[in-house]
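Chemist: One structure is given below, represented as structure tokens, and several questions about it will come after.
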Amino acid sequence: MSREALQESLSAVMDNEADQLELRRVLNAIDDTETRATWSRYQVARAAMHKELLLPNLDIASAVSAALEEEAAPAKAKAGPWRSLGRLAVAASVTVAVLAGVRLYNQDEISGAELAVQQPVQQGLSMPQTQGPAVLAGYTESSEPTTGPMANGVLQNQAGWDQRLPGYLRQHAQESALKGTETALPYARAASLENR
Amino acid sequence: MRALPLLPLLLSSCMTVPALAANSSPQATDWLNKLAQAEQGQSYQGSFVYERNGSFSSHDIWHRVQGGKVHERLLQLDGVAQEVVRVDGKVQCVSRSLVSGVGAPPDSAPRVLDPLKLMSWYDLKIAGEARVADRNAVIVTLTPRDQHRYAFELHLDKQTGLPLRSLMLNAKGQLLERFQMTRLDTQDLPTDADLKASAACKPVQRSPVGAADAVVGWRSDWLPPGFELVGSSIRRDPERKSAVSSLMYDDGLARFSVFLEPVKDNAGTDTRAQLGPTVAVSRHFTTPKGKVMVTVVGEIPLGTAERVALSMRAQDVQARQ
Chain A
1 MSREALQESL
11 SAVMDNEADQ
21 LELRRVLNAI
31 DDTETRATWS
41 RYQVARAAMH
51 KELLLPNLDI
61 ASAVSAALEE
71 EAAPAKAKAG
81 PWRSLGRLAV
91 AASVTVAVLA
101 GVRLYNQDEI
111 SGAELAVQQP
121 VQQGLSMPQT
131 QGPAVLAGYT
141 ESSEPTTGPM
151 ANGVLQNQAG
161 WDQRLPGYLR
171 QHAQESALKG
181 TETALPYARA
191 ASLENR
Chain B
197 MRALPLLPLL
207 LSSCMTVPAL
217 AANSSPQATD
227 WLNKLAQAEQ
237 GQSYQGSFVY
247 ERNGSFSSHD
257 IWHRVQGGKV
267 HERLLQLDGV
277 AQEVVRVDGK
287 VQCVSRSLVS
297 GVGAPPDSAP
307 RVLDPLKLMS
317 WYDLKIAGEA
327 RVADRNAVIV
337 TLTPRDQHRY
347 AFELHLDKQT
357 GLPLRSLMLN
367 AKGQLLERFQ
377 MTRLDTQDLP
387 TDADLKASAA
397 CKPVQRSPVG
407 AADAVVGWRS
417 DWLPPGFELV
427 GSSIRRDPER
437 KSAVSSLMYD
447 DGLARFSVFL
457 EPVKDNAGTD
467 TRAQLGPTVA
477 VSRHFTTPKG
487 KVMVTVVGEI
497 PLGTAERVAL
507 SMRAQDVQAR
517 Q
């Protein structure tokens, strides 16, 4: 089978336009690492076109087949009630593999270099964003998070902000010192604000 | 007999505590108890350094517990001489009268570190031993159980339980601030001369803060779990002639304040800033009474602070609806 024919079939499967023959061809070839690599490249390209966020290296398929291979042997050896138990184990490990893949997907950070697409900003409200020594950014609803130090402990001049913030910070530090137990720490924080 | 209705509450709290404690070690709890006692009952003097991103400073500290009174003096040794003198937690004087109106903290008893409370929001563990300021220390880690607070690593003096080193880390494990003793003397009691404020230390002006001036008209729709209101005040700013309401929240270790101040319509944009461990987020809201700037300042992650700022609601508006 020629490389081109396989790639065409892959493309067709991906676009949900494959016929029975093409699907069979792809399924036969999917164990091949090169084919899988091509498949994942296609996925990247497709996602790039559709501006979707994705993880190119996520290969759930291989994790699933690895789990299947490991579990298949004992399931075959034993008959009777053990067989169903074996199946259950297979199902469980497939679930684990998929979950592991999803976990990987969620944890991994995709840098802009990996995908030449503008990523949708995924910064939810609950995500901490301490990226630089001091991050200061005019807040707008949809802007990308500002990376890197824009102001190293020095606050930019912004109307209304500059005059109030030192007072707020100091009041917070002083009241913290009173309420808290670690008496020296809030003082030190307050003092370090004055050293600008 | 009056305590009888409280009995079920007491029993249930006894039963829930072991479940929460599953992830925390009893030794760590013991050490935190020791720390809480040391803060209230141990005299000491020494030096420490404080470091956060973009700032490094060294300080001297004198702390004397005598006759039930806690005297404390802190002095910055480099740069501008920052000085604070406190008696029983109340600020007596501050060098460089910093900003108008600040420094009249409401009189209330300092909160005591409560490991049982902390256990609900942090996993307390012993992480080994260390040597700081030529003293043996035990390392206690406080790992947050959610993303709304930072992790702490405390190195406590084995002999007294005093903190020798305190590190604050964010979710990525980056160090946000470091407090570290370089010299600690628990033998010699600080003298009166040690504790005497210098001439540069100006007595704190008690700006009119009415105890009855409770902050009303604002409530929070959402708070990170475990944070409770521990204080509120209204401060009149003589320069801007505006009343600044402040609310302070505490989870037993981390704290943040919410400031509410009426502003003119053209005043500033929504802003956020991170200064080492302290984050500041401000947002402008339009209420029937005019524009209000809500600012959250505290040692919590930026995302959490932003969510708190967004969750503040003017109560009178709510009542009308």
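Residue numbers (the working numbering), protein chains in the order written: chain A, 1 to 196; chain B, 197 to 517.
A virtual CB, placed ideally from N, CA and C, is assigned to each residue, including glycine.
I think GLN233 (chain B) touches ALA393 (chain B), with their Cβ atoms under 8 Å apart; what is that distance to the nearest whole Å?
Modeler: Actually they are not in contact, since the Cβ atoms of GLN233 (chain B) and ALA393 (chain B) sit about 27 Å apart, beyond 8 Å.
Chemist: Alpha carbon to alpha carbon, how far is ARG432 (chain B) from LEU360 (chain B)? Give it in angstroms, no decimals.
Modeler: Roughly 38 Å separates the two Cα atoms.
Chemist: In or out: ASP330 (chain B) buried (at least 16 other Cβ within 10 Å) or exposed?
Modeler: Classification for ASP330 (chain B): exposed.
Chemist: Are the C-beta of GLN43 (chain A) and some C-beta of chain B separated by less than 9 Å?
Modeler: No, its Cβ sits nowhere closer than 9 Å to a Cβ of chain B.
Chemist: As a quick exercise: from B:PRO340, B:SER251, B:LYS398, pick the residue whose alpha carbon is nearest that of TRP317 (chain B).
Modeler: The shortest Cα separation from TRP317 (chain B) among B:PRO340, B:SER251, B:LYS398 belongs to B:PRO340.
Chemist: Below 7 Å CB to CB, which residues in the same chain sit around GLN223 (chain B) once its five sequence neighbours on both sides are set aside?
Modeler: So the qualifying residues of the chain are ILE322.
Chemist: How is the alpha helix (DSSP H) around THR500 (chain B) delimited, first residue to last?
Modeler: Note, THR500 (chain B): alpha helix (DSSP H), 498–507.
Chemist: Among A:VAL13, A:ASP19, A:ARG25, A:ARG164, which one has its Cα closest to the Cα of SER2 (chain A)?
Modeler: The option with the nearest alpha carbon to SER2 (chain A) is A:ARG25.
Chemist: From this set, B:LYS487, B:VAL459, B:ILE430, B:PRO420, which residue's C-alpha is nearest ASP446 (chain B)'s C-alpha?
Modeler: It is B:PRO420 whose Cα lies nearest to the Cα of ASP446 (chain B).
Chemist: Buried or exposed, going by whether 16 or more other CB atoms sit within 10 Å of the CB of TRP418 (chain B)?
Modeler: Result: exposed.
Chemist: Can you give me the Cβ contacts of LEU273 (chain B) inside the same chain, cut-off strictly under 7 Å, excluding the 5 residues immediately before and after it?
Modeler: Excluding residues within five positions, the ones whose Cβ falls inside 7 Å are SER254, HIS255, ASP256.
Chemist: Can you find at least 3 beta carbon pairs, one from the segment 469–476 of chain B and one from the segment 241–255 of chain B, that sit closer than 8 Å?
Modeler: Contact holds: three or more Cβ-Cβ distances are below 8 Å.
Chemist: Buried or exposed for LYS368 (chain B), please, with buried defined as at least 16 other CB atoms from any protein chain shown within 10 angstroms of its CB.
Modeler: So LYS368 (chain B) ends up on the exposed side.
Chemist: For THR465 (chain B), which option in B:ARG479, B:LEU372, B:VAL400 has the closest C-alpha, if you only look at C-alpha atoms?
Modeler: Looking at the Cα atoms, B:ARG479 is the closest of the given residues.
Chemist: Indicate the three-state DSSP secondary structure (helix, strand or coil) for HIS344 (chain B) in the structure shown.
Modeler: Of the three classes helix, strand and coil, the one that applies to HIS344 (chain B) here is coil, per DSSP.
Chemist: Is ARG41 (chain A) buried or exposed, if buried means 16 or more other CB atoms sit within 10 Å of its CB?
Modeler: Answer is exposed; the Cβ neighbour count stays below 16.
Chemist: If you follow the alpha helix (DSSP H) that VAL446 (chain B) is part of, which residue opens it and which one closes it?
Modeler: For clarity, residue 446 (chain B) is Asp in the given sequence; the question names Val instead. Segment 438–446 is the beta strand (DSSP E) holding ASP446 (chain B); no alpha helix (DSSP H) there.
Chemist: Would GLY427 (chain B) pass as a contact of GLU194 (chain A) if the rule is Cβ separation under 9 Å?
Modeler: Result no, Cβ atoms of GLY427 (chain B) and GLU194 (chain A) do not sit closer than 9 Å.
Chemist: Identify the contact partners of GLY237 (chain B) in chain A, using a Cβ-Cβ distance below 8 Å as the criterion.
Modeler: Near GLY237 (chain B) there are no residues of chain A at all, since even the closest Cβ is about 12 Å away, more than 8 Å.
Chemist: Looking at the unbroken beta strand (DSSP E) that takes in PRO458 (chain B), where does it start and where does it end?
Modeler: From DSSP, the beta strand (DSSP E) with PRO458 (chain B) extends over 451–458.
Chemist: Using only the alpha-carbon positions, how far apart do SER453 (chain B) and ALA173 (chain A) sit?
Modeler: The alpha-carbon atoms of SER453 (chain B) and ALA173 (chain A) are separated by roughly 9 Å.
Chemist: Alpha carbon to alpha carbon, what distance is there between LEU21 (chain A) and LYS76 (chain A)?
Modeler: Its pLDDT being 49, under 50, LYS76 (chain A) is placed unreliably by the model, and nothing is read from it.
Chemist: Spatial neighbours of THR482 (chain B) within its chain, please: C-beta separation below 6 Å, excluding the five flanking residues on both sides.
Modeler: For THR482 (chain B), where only same-chain residues beyond five positions count, there are no Cβ hits under 6 Å.
Chemist: In whole angstroms, what separates the C-alpha of VAL475 (chain B) from that of VAL488 (chain B)?
Modeler: Each residue's alpha carbon lies about 20 Å from the other.
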